[in-house]
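In the UniProt record's numbering, the protein residues as written are 1 to 415.
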């Protein structure tokens, strides 16, 4: 998926040559301590066929479990987990990083079947579990990118409200679905704002915004936003005009006496992946050009002027992993952050992404009903709505992304 180009800065792991899904032959080994001056491959015991290592001018190269890893010497000294360097009770570093010699180099290196041993010039010994080193190199987040057919075929189950609220198993199943797909449903929720609030607080603190803590709306245009009408809404992400857009959004339809009003969901990461494959230069442009999004409101007693700045596609520079899409044509402000000789290329790139987002096969339409709550990853999945008739009442809220991911990690999930 993301991260075809691996940045040299952090040297994320590169799989050894071989066909996808096949493991390359493991390397023979022998266990011994070798002076660090030697610049050749060294191996652990021949019977283990587990790993090999080699010293270079400023880094250690390690092959373990079919993965090639490179570690800067300063990094290896800085991340030492010995009692004098790391407080295991608080999980905080004790070592003063500024005290580490930037030209440091291990005096001796030894590797057995499970552990890397480094002896430094002052005699200090650092020990690293090989499995631990391998896990620290895995920076990609597991996701399943989807269009409508992929999602339907996956038959992702909803989680029952009681299981969600009362058991760790139900909560973990819900969060696993959410992390993989960017959306998740809870069934059999009592259709009230108060019960929806209890549901949301099970996984996170509620993020209070200019819309309040729990929002509750109908088509009465009580706020200066198209969402408070009966009009159709094209696909978009919310709060693009915040410097940090809200991470998770909760929707619960409490009542609808009329027709229409289906909710549209589109996996923005899936669409962006298609752009990356077909037009990588346009993907790069969308990830580098910052734009302003703006929300100006003067309705009743509500007066707000919010501005958020950021590119449409936000990627981590070290592995090109997409982590946030900021897409809202309603709230995009005057484009004055793009040089005149780039702006036309930006429009072309934006058109390419929009075409992918609007492909019918990428549209998942769901009918929200009382008792069925929807959680949406607002950094990934775009939502919209078809026009409707009659009286329609929704409630919901925004959640703190940090808190949701914290809950997932405490349950043993990778997030």
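Cβ atoms here follow ideal geometry from the backbone N, Cα and C, with glycine treated the same way. All figures in this text were calculated on a predicted structure; none of them were measured in a lab.
Test item: CB-CB of residue i and residue j under 8 Å
{"i": "residue 290", "j": "residue 379", "result": "no"}
{"i": "residue 241", "j": "residue 134", "result": "no"}
{"i": "residue 119", "j": "residue 77", "result": "no"}
{"i": "residue 382", "j": "residue 275", "result": "no"}
{"i": "residue 64", "j": "residue 130", "result": "yes"}
{"i": "residue 294", "j": "residue 331", "result": "yes"}
{"i": "residue 286", "j": "residue 179", "result": "no"}
{"i": "residue 263", "j": "residue 366", "result": "yes"}
{"i": "residue 399", "j": "residue 248", "result": "yes"}
{"i": "residue 183", "j": "residue 268", "result": "no"}
C-alpha distance - residue i paired with residue j, whole-angstrom precision
{"i": "residue 145", "j": "residue 284", "result": "19 Å"}
{"i": "residue 62", "j": "residue 72", "result": "11 Å"}
{"i": "residue 165", "j": "residue 384", "result": "28 Å"}
{"i": "residue 349", "j": "residue 282", "result": "5 Å"}
{"i": "residue 404", "j": "residue 355", "result": "31 Å"}
{"i": "residue 273", "j": "residue 128", "result": "36 Å"}
{"i": "residue 142", "j": "residue 414", "result": "8 Å"}
{"i": "residue 213", "j": "residue 377", "result": "18 Å"}
{"i": "residue 150", "j": "residue 304", "result": "40 Å"}
{"i": "residue 22", "j": "residue 66", "result": "Unreliable positioning characterises residue 22 in this predicted model, as indicated by a pLDDT of 31, which lies under 50. A coordinate reading is not provided."}
{"i": "residue 235", "j": "residue 362", "result": "11 Å"}
{"i": "residue 407", "j": "residue 176", "result": "11 Å"}
{"i": "residue 153", "j": "residue 394", "result": "29 Å"}
{"i": "residue 231", "j": "residue 91", "result": "51 Å"}
{"i": "residue 358", "j": "residue 260", "result": "19 Å"}
{"i": "residue 270", "j": "residue 147", "result": "7 Å"}
{"i": "residue 417", "j": "residue 75", "result": "For residue 417 there is no data in the structure shown, the boundaries of the chain being 1 and 415."}
{"i": "residue 169", "j": "residue 54", "result": "44 Å"}
{"i": "residue 258", "j": "residue 388", "result": "7 Å"}
{"i": "residue 97", "j": "residue 401", "result": "30 Å"}
{"i": "residue 369", "j": "residue 390", "result": "15 Å"}
{"i": "residue 311", "j": "residue 254", "result": "35 Å"}
{"i": "residue 104", "j": "residue 57", "result": "10 Å"}
{"i": "residue 318", "j": "residue 329", "result": "29 Å"}
{"i": "residue 102", "j": "residue 136", "result": "22 Å"}
{"i": "residue 336", "j": "residue 279", "result": "24 Å"}
{"i": "residue 299", "j": "residue 292", "result": "22 Å"}
{"i": "residue 277", "j": "residue 302", "result": "44 Å"}
{"i": "residue 156", "j": "residue 69", "result": "36 Å"}
{"i": "residue 46", "j": "residue 59", "result": "Only weak support exists for where residue 46 lies, its pLDDT of 45 falling under 50; the value from the coordinates is given anyway. Distance between the alpha carbons of residue 46 and residue 59: 24 Å."}
{"i": "residue 334", "j": "residue 344", "result": "14 Å"}
{"i": "residue 191", "j": "residue 375", "result": "15 Å"}
{"i": "residue 239", "j": "residue 327", "result": "10 Å"}
Identity of the residues DSSP links to residue i by a beta bridge
{"i": "residue 402", "result": "Its beta-bridge partners do not exist; DSSP assigns none."}
{"i": "residue 54", "result": "61"}
{"i": "residue 87", "result": "92"}
{"i": "residue 332", "result": "293"}
{"i": "residue 186", "result": "159 and 373"}
{"i": "residue 207", "result": "398"}
{"i": "residue 366", "result": "263"}
{"i": "residue 69", "result": "62"}
{"i": "residue 242", "result": "Partner(s): none; residue 242 has no beta bridge."}
{"i": "residue 325", "result": "313"}
{"i": "residue 248", "result": "377 and 399"}
{"i": "residue 412", "result": "Paired residues: none, contrary to the question."}
{"i": "residue 383", "result": "236 and 265"}
Beta-carbon proximity list for residue i, same chain, < 8 Å, skipping 5 on both sides
{"i": "residue 189", "result": "161, 195, 196, 199, 252, 371, 372 and 373"}
{"i": "residue 94", "result": "84, 85, 86 and 87"}
{"i": "residue 411", "result": "168, 171, 172 and 175"}
{"i": "residue 114", "result": "129, 130 and 131"}
{"i": "residue 38", "result": "Interpretation of residue 38 is limited by its pLDDT of 47, a score under 50 that renders its predicted location unreliable; no figure is taken from the coordinates."}
Residues of its chain near residue i, where Cβ-Cβ distance is below 7 Å and the 5 sequence neighbours each way are ignored
{"i": "residue 316", "result": "323"}
{"i": "residue 107", "result": "36, 119, 120 and 121"}
{"i": "residue 100", "result": "74, 77 and 78"}
Spatial neighbours of residue i in its chain, beta-carbon cut-off 6 Å, leaving aside the 5 residues before and after
{"i": "residue 338", "result": "289 and 346"}
{"i": "residue 81", "result": "none"}
{"i": "residue 256", "result": "392"}
{"i": "residue 193", "result": "214, 216 and 395"}
{"i": "residue 397", "result": "200, 206, 214 and 250"}
{"i": "residue 210", "result": "304"}
{"i": "residue 159", "result": "170, 173, 174 and 186"}
{"i": "residue 306", "result": "241 and 295"}
{"i": "residue 409", "result": "415"}
{"i": "residue 163", "result": "170"}
{"i": "residue 351", "result": "none"}
Within-8 Å CB hit, residue i to chain C
{"i": "residue 62", "result": "Structure shown: chain C not included; a single protein chain is present."}
Complete alpha helix (DSSP H) runs within the segment 104 to 180 (minimum length 4 residues, chain order): 130 to 136, 148 to 154 and 161 to 166
Uninterrupted beta strand (DSSP E) stretches inside the segment 257 to 322 (no shorter than 3 residues): 263 to 267, 291 to 299, 302 to 310 and 313 to 315
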